[in-house]
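Just so we're aligned, residue 22 is where the sequence shown starts under the numbering used here, counting upward by one. Every residue, glycine too, gets a C-beta built ideally from N, C-alpha and C. If you're wondering where the values come from, they're calculated on a predicted model, not measured in any experiment.
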Amino acid sequence: MKAIAVVPKKKGSARMIDVDTPVITATQVLVKVKLVGLDGTDKEINEGSYGEPPEGEKMLIFGHESLGEVVGVGAEVKAFKRGDMVVATVRRPDDCINCQAGEYDMCLKGDYTERGIKGRHGFLSEYYAEEERFLVKVPQSLGDLAVLLEPASVAEKAVRTAFTVQKRMKWEPEIAMVTGTGSLGLITAMILRLRGLEVISVDASDDAYKDEIFSELGIVHFNAKKINLHDIPHEIGRQIDIVIEETGSSSVAMHAIMVAGTNAVVVLASVTGGDKHIEICSDCFNQGLVLGNKTVVGIVNAHRRDFEQGIVDLLAAEARWEGLLAKLITARYPPEKIQEALSSMRENIKVVIEF
Ligand SMILES: [Zn+2]
């Protein structure tokens, strides 16, 4: 079967290869891949700055945002049948207490593997095999939009975490700010709108296409090239209660913490693999957190329940803003054009590979 693999740590190595079609065991499901979304991690894997092959192998089949159809089930599989549409979760557990409790996203030891990222093949292949407990059944009515479920699960974890930590007090949030308007930022903004919040988005791009999306969602957007992040609360005349940071920039993250209002929660979700240094007023930073009773929390990956909530919210979003989710998938490429697909990510919201 066709698959797309990289030689990890080798720049620009993503290419089509031919591998054996997987054979399933009694507890596994065989999935025919339909769509695989690409994100920043995939770009970094192709650039050679990230990614780890399975033990004893040289290549890594990457891709972790999947949508596929069940075409085979092992004799002991209970929850799936042929024809079901499924999205696979990404992380696989180690033996730590969190993983053993089903909280792989909160892994304590770090010996987890991740499909398509760390020590385990991903989904950029015609077929993959998986244990049924790592698959999530998606409604047929979502169609291709279900390829957005994996990024949506991360957005769900961010929003869930914000509301969970704020149980520390009486809290009636009104305004949320999302920094970064890639597919993750837009889906996060959408979820926050579904929770009844006013939403502000901030990023450094001028994009008429996105402006339409902001307007349909009822989001107030600020261009970071035209306004300093610190001036936004003054500009809107109100304080910001929730900040969800998804720009991929650690300096934006530091400033976003400072911009959050009294009793606010700041969720940091950007993976920043570099070694950037910035200068900030550490007294101001600390004083703001202390006197503002603010909390800052980092999140990565997602729990299974975040995938389940993601389905609920993708359906709700489609009902409320019909056709809007489809506008997030801005480019489709065949597997043969993987390099072209990866280089087109800059000018796209979500690029998908169609098998
Ligand atoms: Zn663990």
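Residues passing the C-beta test against ligand 1 heavy atoms, cut-off 6 angstroms: Pro-114, Asp-115, Cys-117, Asn-119, Cys-120, Cys-128, Leu-129, Lys-130 and Tyr-133
Touching by the beta-carbon criterion (3+ pairs, under 8 angstroms), the region 306 to 315 and the region 95 to 113: no
Simplified DSSP assignment, three categories, for Gly-65: For clarity, residue 65 is Glu in the given sequence; the question names Gly instead. Looking at Glu-65 - three-state DSSP - the assignment turns out to be helix.
Sequence-distant residues of the same chain with beta carbon closer than 7 angstroms to Leu-156, five excluded per side: Val-50, Phe-101, Val-107 and Ala-109
Exposed unless 16 or more other CB atoms sit within 10 angstroms - verdict on Pro-160: exposed
Pair within 8 angstroms by beta-carbon distance, Lys-79 and Met-366: no
Proximity winner among Thr-293, Asp-228, Thr-200 and Asp-334, relative to Val-220 (alpha-carbon distances): Thr-200
For Thr-200, the first and last residue of its enclosing beta strand (DSSP E): 196 to 200
Candidates Gly-93, Lys-130, Glu-76 and Val-168: closest to Thr-351 by CA position: Val-168
Backbone secondary structure at Leu-166 - three-state DSSP: helix
Span separating the alpha-carbon of Thr-42 from that of Val-54: 12 angstroms
Complete alpha helix (DSSP H) runs within the region 208 to 291 (minimum length 4 residues, chain order): 229 to 238, 253 to 257 and 271 to 280
Close Cβ partners of Leu-215 (< 8 angstroms) along its chain, the five nearest in sequence each way excluded: Asp-334, Ala-337, Ala-338 and Arg-341
Assigned secondary structure, Ser-70 (DSSP; H/G/I helix, E/B strand, else coil): coil
Enclosing alpha helix (DSSP H) for Ile-350 [first to last residue]: From DSSP, Ile-350 is part of no alpha helix (DSSP H) but of the beta strand (DSSP E) over 350 to 354.
Residues near Thr-293 in its chain [Cβ-Cβ closer than 6 angstroms; skip 5 each side]: Ser-271
Identity of the residue in Arg-181, Ser-174 and Thr-182 nearest Ile-208 by Cα: Ser-174
Contact set for Ala-323: own chain, Cβ-Cβ below 6 angstroms, skip 5 residues either direction: Asp-126, Ser-174, Val-175 and Lys-178
Exposed unless 16 or more other CB atoms sit within 10 angstroms - verdict on Tyr-149: buried
Beta-carbon gap between Gly-69 and Phe-83 smaller than 8 angstroms: no
Under 8 angstroms between C-beta atoms of Val-264 and Ala-285: yes
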